[in-house]
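Line order of the protein sequences matches chains G and B. Numbers in the numbering used here are just positions in the first sequence, counted from 1, shifted up by 12. Numbers in the numbering used here are just positions in the second sequence, counted from 1, shifted up by 1469. Ideal Cβ placement from N, Cα and C applies to all residues, glycine included. Written out below as structure tokens is the structure these notes cover.
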Amino acid sequence: MSRLLSRVGAAALGSLMGASLLATPVMAQQTVTVGAIEILSGPSAAYGTAIKGGLELAMDEINAAGGVLGGKKLALIVEDSAGNKDQAVNAARKLVGRDKVPVVIGPTLSNEMFAVGPVTNDRKVVTIGTSTTAKGITELGPYIFRTALPESDVVPVTLKTAKEKFGVKTIAMMYANDDAFSKSGFDSMKAAAEQLGLTIATIETFGSKDADFSAQLTKIKGLNVDAITISALVEPISGVVLQARQLGIPASVRFIGGNGANSPKLGEIAGAAADGLLVGSPWFIAKKGETNEKFVSTYKQRYGKDPDQFAAQAYDTMYIVAKAIDTAGAADSEKIREALYKTDFNGVMGPFTFTEGRDPASNEGVVVLSMKNGRFEILE
Amino acid sequence: MLSQQLVNGLVLGSTYALFALGFTLIFGVLRVINLTYGFYFSIGAFVALTVAREFGATIWVALPVGALSAGVVAVVADWILLTRLRRAKAGELASLMVTLGAVLALYSLMAVFIGTDIQRFPFGFVDNTAIEFGGIRISLVQMLIVGTTFVLVAVLFLLLQRTKLGLMIRALAENEDAARLMGINVGLTVAAVSFLSGTLGGAAGVLIGLNFNAIQPFMGEHMMLRGFAVIIIGGLGDIRGALIAGVLLGVLEVLTAGYISSNAKEAVAFTILVLTLWFRPVGLFGRAQAKRA
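Set out below in structure tokens:
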């Protein structure tokens, strides 16, 4: 609370000073408008809606506490990309050309960012992805930032925890070999496992739509490993976990999941068979700390449902943007870009700074979750 | 480990054979590549899931209800989609295209109403404990699948060879016009074959959905590829061939994944399929040719 109070206090003081120094009503009513491109319609609308919710919640809090640049209100224009690259690019052109926003937040998906990034970077407009975890996003150009922790930063934390806490030394690795997301997650896992000096007993693959994994699991059972890592979407992971227990792989052999396992669906399908599965998450609803608890309760109050990871990342991003605007001293993209490098923020995701490559610098905020009775809990 | 892998292969192979039984029946008798068959598989599983979830039905109620509903759906679908084509004596390609379009529409409709999320039977619907003997583990559902497959093959075989309906079906398979001239009610026999194969597809959907705990509208689509391989390797319309080809395929896939590489598993079915078409186009047991003559 103290952190929040000091933030509120500083902003309030700022606005007071602003009000006294520039006591003209015209100035007080000026706004700083930020753009966002998110998926608000179509099958993936849930992601964009959560992000929009997080952004707007943070924006209203910032405005209630006095806004930015000494009393100016923050405003947000959210454009719908519908998950479509071309529509995302059109939205970016509109935000940059017509609305002349200094900062674009989003777009939602990595492959949308690969289309939008070159456009906004060309126009020298700061663009910040809050949910784009693919490799190579920030390499699109010097104006492209992201606050989403890539999977390659999350997985090492999970594996390290498994090694230190449960003495995992030998692992079997499994992944879906017909899906880019699963394969890239596996690559990150393998690199992390090698770095930690874990012995990889075998690497087994399967198809995303497979329902039978008995051959691979029987082989793994015979190898007596300490844990099994798995990178796939949640549906095949559920199937693998169920069959592993059915084939008699004991519960002491834990599964260690990639990002795909970080879904409540896992418990719904696999039930108790998934107990003990470990997964790393940049954020978790039950994460301790007053900043997070307040975020969760106000989000719930306002939208009538629990926030997810995407809302949390967006919420922090809005604060990071507001702080950068203040540090820059003007709603100017070039100055905001320089200010972002100086970001030193502590939000619901944990401590946050940017690397020279404009990626999140720290994975300190990552929490390792363990499945228990079909639900995720923070691993104590 | 080898014995467990063989059991795994037997179970997997039985699911392939179970799925393929109804498919090969339609193909062998009606001379129709009926792609809506995959939908019967999905709808059977969904009806069983619904009665289990909403009315707390046990497996012994949910299984027949799911299977018979799929049978009814099959009769209706066949009647709507293929009656005109049959009357016009359209070629096999026409029925392939019509049923391809229909099945995609049906899957999508189902996805609209039910969603594409994976669903499962309620926990504890069937005792999921595995039985262990001599280091081999097999669950009750898996034994049910293997048992049902073998029993259904025997029942179907007897039905076709020993009953009047079987005689009518075989006559229809030989030559539709001749069958009609012999006084066989072709429309009724076609409906009976559709009903039988739909019921078989639905039963397969329930049991396989139960074993893998993964029920979603497109579950039948994925099985269709394997189903095709099985009925071609086993010989079109050959019930025993489907059983043997299914089990053979399952065992080979499991052994490939277990001892060579799981990456190669997918290739097994289609390699055998191509080899069969090259060297024994009538299927492993050569019965298809006899029927076609």
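Through-space distance from residue j to residue i, alpha-carbon basis
i: Asp72 (chain G); j: Ile332 (chain G); result: 14 Å
i: Lys112 (chain G); j: Thr45 (chain G); result: 8 Å
i: Gly60 (chain G); j: Val253 (chain G); result: 30 Å
i: Asp199 (chain G); j: Val169 (chain G); result: 15 Å
i: Lys84 (chain G); j: Gly78 (chain G); result: 8 Å
i: Leu1717 (chain B); j: Gly1703 (chain B); result: 10 Å
i: Tyr1509 (chain B); j: Pro319 (chain G); result: 39 Å
i: Asn1521 (chain B); j: Ala1539 (chain B); result: With the sequence shown as reference, residue 1521 (chain B) is identified as Ala, and Asn is not the correct amino acid for it. Going by the C-alpha atoms only, they are around 16 Å apart.
i: Thr1505 (chain B); j: Ala1648 (chain B); result: 26 Å
i: Asn1644 (chain B); j: Ala1557 (chain B); result: 16 Å
i: Val308 (chain G); j: Lys317 (chain G); result: 9 Å
i: Ser1577 (chain B); j: Ala1683 (chain B); result: 18 Å
i: Lys136 (chain G); j: Glu346 (chain G); result: 7 Å
i: Asp134 (chain G); j: Ala343 (chain G); result: 18 Å
i: Ser1564 (chain B); j: Ile1713 (chain B); result: 28 Å
i: Ala1759 (chain B); j: Val1595 (chain B); result: With a pLDDT of only 43 at Ala1759 (chain B), under the threshold of 50, the placement of this residue in the model should not be trusted, and no figure is reported.
i: Gly21 (chain G); j: Asn75 (chain G); result: Reliability of the predicted coordinates at Gly21 (chain G) is poor, the pLDDT of 48 falling under 50, and the value obtained from them is presented with this limitation in mind. Using only the alpha carbons, I get a separation of about 13 Å.
i: Ser382 (chain G); j: Gly179 (chain G); result: 16 Å
i: Gly1715 (chain B); j: Gly1670 (chain B); result: 15 Å
i: Leu52 (chain G); j: Thr1484 (chain B); result: 41 Å
i: Gly1696 (chain B); j: Ala1489 (chain B); result: 5 Å
i: Leu152 (chain G); j: Gly1604 (chain B); result: 55 Å
i: Ala35 (chain G); j: Asn358 (chain G); result: For Ala35 (chain G), the pLDDT reaches just 43, beneath the cut-off of 50, and the residue's location in the model is therefore unreliable, although a value from the coordinates is still provided. Cα to Cα, the separation comes out at about 32 Å.
i: Leu1621 (chain B); j: Pro1750 (chain B); result: 26 Å
i: Thr355 (chain G); j: Glu163 (chain G); result: 22 Å
i: Asn1477 (chain B); j: Thr217 (chain G); result: 17 Å
i: Ala23 (chain G); j: Thr303 (chain G); result: Because Ala23 (chain G) sits at a pLDDT of 49, beneath the cut-off of 50, its placement in the model cannot be relied upon, and the following sentence gives the value as read from the coordinates. Computed Cα separation, rounded: 17 Å.
i: Glu389 (chain G); j: Leu1746 (chain B); result: 54 Å
i: Gly362 (chain G); j: Gly109 (chain G); result: 35 Å
Residue j beta carbon less than 7 Å from that of residue i
i: Thr329 (chain G); j: Thr142 (chain G); result: yes
i: Gly1535 (chain B); j: Gly1513 (chain B); result: yes
i: Leu1554 (chain B); j: Val1662 (chain B); result: no
i: Gly1727 (chain B); j: Ala227 (chain G); result: yes
i: Val1723 (chain B); j: Ala1711 (chain B); result: no
i: Asn274 (chain G); j: Ser293 (chain G); result: yes
i: Gly54 (chain G); j: Leu107 (chain G); result: no
i: Ile268 (chain G); j: Leu245 (chain G); result: no
i: Thr211 (chain G); j: Thr182 (chain G); result: yes
i: Gly283 (chain G); j: Phe1592 (chain B); result: yes
i: Val131 (chain G); j: Arg349 (chain G); result: no
i: Glu1561 (chain B); j: Ile1502 (chain B); result: yes
i: Leu171 (chain G); j: Ala205 (chain G); result: yes
i: Thr1618 (chain B); j: Leu1475 (chain B); result: no
i: Ala223 (chain G); j: Phe1681 (chain B); result: yes
i: Ala127 (chain G); j: Lys97 (chain G); result: yes
i: Thr1740 (chain B); j: Lys1734 (chain B); result: no
i: Ala351 (chain G); j: Ala340 (chain G); result: yes
i: Ile156 (chain G); j: Gly118 (chain G); result: no
For residue j and residue i, believed in contact at Cβ under 8 Å, the rounded distance
i: Ser1730 (chain B); j: Phe1492 (chain B); result: In fact, because the Cβ distance is near 29 Å, the residues do not count as touching under 8 Å.
i: Lys233 (chain G); j: Gly260 (chain G); result: 7 Å
i: Lys384 (chain G); j: Asp238 (chain G); result: Not quite, the Cβ-Cβ distance comes to about 20 Å (not below 8 Å), so this is no contact.
i: Ala1599 (chain B); j: Arg1589 (chain B); result: Not quite, the Cβ-Cβ distance comes to about 18 Å (not below 8 Å), so this is no contact.
i: Ala100 (chain G); j: Glu124 (chain G); result: 4 Å
i: Leu1537 (chain B); j: Ala1517 (chain B); result: Between Ala1517 (chain B) and Leu1537 (chain B) the Cβ distance is about 10 Å, and since that is not below 8 Å, they are no contact.
i: Met1651 (chain B); j: Ala1640 (chain B); result: 6 Å
i: Ile242 (chain G); j: Ile1587 (chain B); result: So it is not a contact: roughly 16 Å between Cβ atoms.
i: Gly148 (chain G); j: Gly197 (chain G); result: Not confirmed; about 15 Å, so no contact.
Own chain, CB closer than 7 Å to residue i, minus 5 neighbours either side, in chain order
i: Ala103 (chain G); result: Ile49, Glu91, Ser93
i: Ala160 (chain G); result: Gly141, Thr142, Ser143, Thr144, Thr145, Gln325
i: Glu1690 (chain B); result: Gly1507, Tyr1576
i: Arg105 (chain G); result: Val131
Chain-order list of residues whose beta-carbon lies under 6 Å from that of residue i (same chain, five-residue window excluded)
i: Gly66 (chain G); result: Ala323, Ala326, Tyr327
i: Ala256 (chain G); result: Leu229
i: Ala62 (chain G); result: Asp320, Phe322, Ala323
i: Pro37 (chain G); result: Only weak support exists for where Pro37 (chain G) lies, its pLDDT of 43 falling under 50; the coordinates are left without a value.
i: Leu1575 (chain B); result: Phe1508
Sequence-distant residues of the same chain with beta carbon closer than 8 Å to residue i, five excluded per side
i: Leu1471 (chain B); result: none
i: Val1541 (chain B); result: Phe1664, Gly1667
i: Leu33 (chain G); result: Residue placement at Leu33 (chain G) is poorly supported in this model, since its pLDDT is 45, which falls under 50; the coordinates still yield a value, given next. Counting only Cβ-Cβ distances below 8 Å, and skipping sequence neighbours, we find Gly82.
i: Val1480 (chain B); result: Ile1607, Gln1611, Ile1614, Val1615, Asn1680, Gly1719
Check: residue i C-beta below 6 Å from any heavy atom of the ligand GDP
i: Arg1500 (chain B); result: As far as ligands go, the structure on display features none, and thus does not contain the ligand GDP.
The stretch 1543-1552 of chain B in contact with the stretch 1521-1531 of chain B per 3-pair CB rule at 8 Å: no
Flag this pair as touching only if the stretch 1610-1629 of chain B and the stretch 372-392 of chain G have three or more C-beta atom pairs under 8 Å; answer yes or no. The stretch 1610-1629 of chain B vs the stretch 372-392 of chain G: no contact.
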